[in-house]
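In the UniProt record's numbering, the protein residues as written are 1 to 394.
Cβ atoms here follow ideal geometry from the backbone N, Cα and C, with glycine treated the same way.
The next block holds one structure in the form of C-alpha cells; read it before the comments.
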C-alpha cells in the first residue's frame, strides 16, 4: 500500500496533478510505440480524449467522467499506481471497494452532501454504491478501457476477463436492444427537428436507415454495398405481388430478404423526399442510403456507424434525463453499435414467434444448429410470416 502521507489527495480531475510515476506515461499496460490513434501521453489526457466524444450530451458526459475519475483516483491514491498499470486483480479489488468506499473521510462527502467539484469538501462518493450503480460503473469503465485499447493507448482491457455470476442462464445473444431501449431509440429519431429541408432530409434518412437495419437485419456492409436496383417485385401463386431485396452477404453469398409493406412505405417516403420515384426501377444504381444532399454516391462504413452511434448517444442522454433509475439503460445503449440492430432484429423476430428457419434465411445464417442445418424455408411462406409478425411500428 502507498504511503498516504506522500500520496495523491482525491480531487476533481480538472484540478488533479499527478506525479510522474503515477501519470501513466510509463504504465505497464501501455501499448507499444507506433500504435496510438490519439495524442494523449498520460492517463488524464487519455480519459479526456475519451470524454470529448460526449461533450454534446452533458448528462452522459458527467456520468462517464464520474466513473473514470473515481477509478483513476482510487488507483493512484489506494494502490499507488497509474490507471494504465491496472491489471485484472486490481479491478476485482475496486469492485469490492465500490461496495464500501473506505476510509470514508477520504472518499465520501460529509453527511452524503453534494459539493461543487472545486469545493475543498468535495469527495468522489456520496456513499456505497447500490448493485445497479456498481453494474453501471462496470459497463462504463469497460467501455473506457475498450476504447483506450482500440485507440492504441493501452495494450489490453483489465475488465475483459471479468464474468459476472448469473442467477439464471444468460440469453444466447446479449448484444441487442430490449423493448424498452428500442422504443427509446425510435422516440429519439421521432423527436428530431424537421423545420428546415435539411433537417427533414436528415430525419427521413435516419428513419429509413433504422427501418432497413431492423426490418431486414442487414449488416452495414450490406447496406452500403447494395443498390436500389436490388429491390424487385414478383407475384406468388395466388397473384399477390411481393417485394424482395437481394443482398450479397459474407463470403459473397446472395440472399433474398422480405421487403415488407412497412419497409416499402418507408422507402417510398425516403425516395420522394429526394425527388425520386416512390419505388426503384430495375437496374437502378443509386445506393440504398445516400449522403445528405442526395448525391448518388456510396457512403462509407465508418460514416454509417457514426450516424447510428450518434442516435445511440442521444438516446442515452434521454435516459439520463429520466433520472438515475435509467442509468443502466443509458450505459447499455452507449455500448451499442449498428450490428446490435441486426441482433435486435433476430431476437425480436424469434420473440415474435417467427419460424426459426425464416429467421435463419432472412439473416443469411448458415444454420440454426447442427441438427436442423438441412431445413429450407419456402420463400413465400417466409414473406407472409415476416410481414405478419415483424414490424417496426413507427
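- Query: Given that a residue counts as buried once 16 or more other Cβ atoms are within 10 Å of its Cβ, and exposed if not, what is residue 185?
  - Reply: Taking the chain shown and counting its residues from 1, the one referred to as residue 185 is at position 185. Buried, by the Cβ-count rule.
- Message: Whole angstroms are fine: how far does the CA of residue 213 sit from the CA of residue 200?
- Response: By 1-based counting over the chain shown, the position of residue 200 is 200. By 1-based counting over the chain shown, the position of residue 213 is 213. Our two residues, residue 200 and residue 213, have alpha carbons roughly 20 Å apart in a direct line.
- Query: Three or more beta-carbon pairs under 8 Å between the region 123-131 and the region 92-102, yes or no?
  - Reply: The region 123-131 makes contact with the region 92-102: 3 or more CB pairs, one atom from each, lie closer than 8 Å.
- Query: So who's on the other strand from residue 248, going by DSSP bridges?
  - Reply: Walking along the chain shown from the start, residue 248 turns up at place 248. Bridge partners of residue 248: 254.
- Given a cut-off of 8 Å, decide if residue 283 and residue 217 are closer than it, judged by their beta-carbon atoms. What you label residue 217 is simply residue 217 of the chain shown in a count that begins at 1. What you label residue 283 is simply residue 283 of the chain shown in a count that begins at 1. With a cutoff of 8 Å on beta-carbon distance, residue 217 and residue 283 are scored as not near each other.
- So what does DSSP say about residue 278, is it helix, strand or coil? Locating residue 278 in the chain shown gives position 278, where the first residue counts as 1. The answer is coil: DSSP assigns residue 278 none of H, G, I, E or B.
- Query: Just checking my contact of residue 82 with residue 39 at CB under 8 Å: how many whole Å lie between their CB atoms?
  - Reply: Reading the chain shown from its first residue, position 82 is the one you call residue 82. Reading the chain shown from its first residue, position 39 is the one you call residue 39. In fact, because the Cβ distance is near 18 Å, the residues do not count as touching under 8 Å.
- Opening and closing residue of the beta strand (DSSP E) in which residue 54 lies: Along the chain shown, read from residue 1 onward, the residue named residue 54 stands at position 54. Premise fails: residue 54 is in no beta strand (DSSP E) and is neither H nor E.
- Task: Evaluate residue 394 with the Cβ neighbour count: other Cβ atoms within 10 Å of its Cβ, from every protein chain shown; 16 or more gives buried, anything less gives exposed.
- Result: To locate residue 394, count along the chain shown from 1; it is residue 394. Exposed, by the Cβ-count rule.
- Specify the secondary structure class of residue 206 as computed by DSSP and reduced to three states. Position 206 of the chain shown, counting from 1, holds the residue named residue 206. Here residue 206 sits in helix by DSSP.
- Task: Starting from the Cα of residue 21, find the closest Cα among 10, 57, 80 and give me that residue.
- Result: Taking the chain shown and counting its residues from 1, one reaches residue 21 at position 21. Of 10, 57, 80, the residue nearest in Cα terms is 80.
- Message: What would DSSP say about residue 103, mapped onto helix, strand or coil?
- Response: As a working mapping, residue 103 is identified with position 103 in the chain shown. In this structure, residue 103 counts as coil in the three-state DSSP scheme.
- Where residue 122 falls: helix, strand or coil (DSSP): Taking the first residue of the chain shown as 1, we reach residue 122 at position 122. Three-state DSSP puts residue 122 in coil, outside helix and strand.
- Query: In its own chain, which residues sit with a C-beta less than 8 Å from the C-beta of residue 97, not counting the 5 before and 5 after it?
  - Reply: Mapped onto the chain shown, residue 97 falls at position 97. Closer than 8 Å at Cβ, skipping near neighbours: 74, 78.
- The beta strand (DSSP E) enclosing residue 231, as first and last residue numbers: Here residue 231 refers to the residue found at position 231 when the chain shown is read from its first residue. In the DSSP annotation of this structure, the continuous segment of the beta strand (DSSP E) that includes residue 231 starts and ends at 231-235.
- For residue 145, the first and last residue of its enclosing alpha helix (DSSP H): To locate residue 145, count along the chain shown from 1; it is residue 145. Residue range 131-150 is occupied by the alpha helix (DSSP H) that includes residue 145.
- From residue 111 to residue 175, what distance separates their C-alpha atoms? Mapped onto the chain shown, residue 111 falls at position 111. Mapped onto the chain shown, residue 175 falls at position 175. Taking the straight line from one Cα to the other gives about 40 Å.
- Message: Quick check on DSSP: helix, strand or coil for residue 243?
- Response: Taking the first residue of the chain shown as 1, we reach residue 243 at position 243. For residue 243, the three-state secondary structure derived from DSSP is strand.
- Task: Measure the CB-CB distance between residue 269 and residue 204 and report whether it falls below 8 Å.
- Result: Against the chain shown, residue 269 aligns to sequence position 269. Against the chain shown, residue 204 aligns to sequence position 204. Their beta carbons are under 8 Å apart, which means residue 269 touches residue 204 by this criterion.
- Might you give, ordered along the chain, the residues of its own chain that have their beta carbon closer than 8 Å to the beta carbon of residue 222, omitting 5 neighbours on each side? Your numbering for residue 222 matches position 222 in the chain shown. Correct list, in chain order: 247, 248, 249.
- Message: When you compare the CB positions of residue 60 and residue 313, do they come within less than 8 Å of one another, or not?
- Response: Along the chain shown, read from residue 1 onward, the residue named residue 60 stands at position 60. Along the chain shown, read from residue 1 onward, the residue named residue 313 stands at position 313. It is a contact, given that the beta carbons lie within the stated cut-off.
- Message: With three or more beta-carbon pairs closer than 8 Å as the criterion, would you say the region 178-194 touches the region 258-269?
- Response: Short answer: they don't touch.
- Work out the CA separation of residue 272 and residue 397 for me, nearest whole Å. An answer regarding residue 397 cannot be provided, because it is not within the stretch 1 to 394 covered by the chain.
- Task: Return the first residue and the last residue of the alpha helix (DSSP H) that residue 392 is part of.
- Result: Counting from 1 along the chain shown, the entry for residue 392 is found at position 392. Where residue 392 is concerned, there is no enclosing alpha helix (DSSP H), given that its DSSP letter is neither H nor E.
- Figure out for me which residue from 389, 178, 338 has the closest Cα to the Cα of residue 355. Residue numbering aside, residue 355 sits at position 355 when the chain shown is read from its first letter. Closest by alpha carbon: 389.
- Test item: CB-CB of residue 42 and residue 154 under 8 Å: Residue 42 sits at position 42 when you count from the first residue of the chain shown. Residue 154 sits at position 154 when you count from the first residue of the chain shown. Their beta carbons are not under 8 Å apart, which means residue 42 does not touch residue 154 by this criterion.
- Message: Here's the rule: buried if 16 or more other CB atoms are within 10 angstroms of the residue's CB, otherwise exposed. What is residue 308?
- Response: Within the chain shown, the letter at position 308 stands for residue 308. Residue 308 should be labelled buried.
- Considering only C-alpha positions, which residue in the set 244, 209, 178 is nearest to residue 347? Taking the first residue of the chain shown as 1, we reach residue 347 at position 347. Comparing alpha-carbon positions, the option among 244, 209, 178 lying closest to residue 347 turns out to be 178.
- Residue(s) in a DSSP beta bridge with residue 287: As a working note, residue 287 is residue 287 in the chain shown. 227.
- By Cβ distance, which residues of its chain are closer than 6 Å to residue 334, with the 5 residues on each side in sequence left out? Here the question's residue 334 lines up with position 334 in the chain shown. Leaving aside the five residues that flank residue 334 on each side, the residues in its chain whose CB is nearer than 6 Å to its CB run, in chain order, 316.
- In this structure, what does DSSP give as the bridge partners for residue 259? What you label residue 259 is simply residue 259 of the chain shown in a count that begins at 1. Looking at the DSSP assignment, residue 259 forms a beta bridge with 243.
- Since residue 27 is in the alpha helix (DSSP H), which residue starts that stretch and which ends it? What you label residue 27 is simply residue 27 of the chain shown in a count that begins at 1. Counting along the chain, residue 27 falls outside any alpha helix (DSSP H), and DSSP gives it neither H nor E.
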